[in-house]
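Presented below is the structure to which this report refers.
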Amino acid sequence: MDIRYGTDDYHILSVHDADRFILIIAGACGRSTIYAVYDFFERRAGIRYFWDGGTPHKGAPVREFIHKHPRLHCYRFPGYAPELNPDEFIWNSLKRSLSNSVPRDLCHLKQLLHSPIQRLRQSQNLLWSCIYASDLPWR
Numbered sequence: 016m017d018i019r020y021g022t023d024d025y026h027i028l029s030v031h032d033a034d035r036f037i038l039i040i041a042g043a044c045g046r047s048t049i050y051a052v053y054d055f056f057e058r059r060a061g062i063r064y065f066w067d068g069g070t071p072h073k074g075a076p077v078r079e080f081i082h083k084h085p086r087l088h089c090y091r092f093p094g095y096a097p098e099l100n101p102d103e104f105i106w107n108s109l110k111r112s113l114s115n116s117v118p119r120d121l122c123h124l125k126q127l128l129h130s131p132i133q134r135l136r137q138s139q140n141l142l143w144s145c146i147y148a149s150d151l152p153w154r
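Quick note, the sequence shown lines up with residues 16 to 154 if you use the numbering used here.
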């Protein structure tokens, strides 16, 4: 199983096991959310956590969580190779949906992103295409 998340307003939480699915969480993806997901999948095989080099991933709470959960195997995407990180393909898809748009303010930007994010949330095929587009051997 893979768990990932990112950005401040929308978090991509990619959960991969025999059922193969991806979840997008709107809003804060804090410690309680990660613990709940971990607890839910703890009964299954080992958990793999992939992250970029973002500052939130380097803090004491993350290190403590990793130390407390030995079944959690952590992998960091290299900062110099965004083509390896499937999240980059998701963000590129969202940015393409904004082409030729000029948001008036942050609220308007969120409105413009609402439909594309809903499309991503409802299409496992679209999300998996972002994963398979990366240069990692996911299959």
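Yeah, the Cβ is synthetic: ideal placement off N, Cα and C, and Gly gets one too.
DSSP-derived helix/strand/coil call for residue i
{"i": "Phe92", "result": "coil"}
{"i": "Arg78", "result": "helix"}
{"i": "Ile63", "result": "Checking the sequence shown, residue 63 turns out to be Arg, not Ile. Correct three-state label for Arg63: strand."}
{"i": "Leu113", "result": "coil"}
{"i": "Leu87", "result": "strand"}
{"i": "Pro97", "result": "helix"}
Given residue i as reference, the closest of the options once Cα atoms are compared
{"i": "His88", "options": "Ile105, Trp66 and Asp102", "result": "Trp66"}
{"i": "Ala51", "options": "Ile105, Lys110, Tyr147 and Phe80", "result": "Phe80"}
{"i": "Leu141", "options": "Arg111, Ile105, His129 and Cys122", "result": "Ile105"}
{"i": "Arg111", "options": "His82, Lys83, Tyr64 and Ser130", "result": "Ser130"}
Beta-carbon proximity of residue i to residue j, cut-off 9 Å
{"i": "Gly68", "j": "Arg91", "result": "yes"}
{"i": "Leu127", "j": "Ser138", "result": "no"}
Spatial neighbours of residue i in its chain, beta-carbon cut-off 8 Å, leaving aside the 5 residues before and after
{"i": "Asp54", "result": "none"}
{"i": "Asp23", "result": "The predicted model places Asp23 with a pLDDT of 47, which falls under 50 and marks its position as unreliable, so this point remains unresolved."}
{"i": "Gly94", "result": "Asp67 and Gly68"}
7 Å CB neighbourhood of residue i in its chain, flanking five on each side removed
{"i": "Leu124", "result": "Pro118"}
Open item on the list: I want to know whether the segment 143 to 153 touches the segment 92 to 100 - three or more CB-CB distances under 8 Å.
Closed with: As far as the Cβ criterion goes, the segment 143 to 153 touches the segment 92 to 100, which means the pair count is three or higher.
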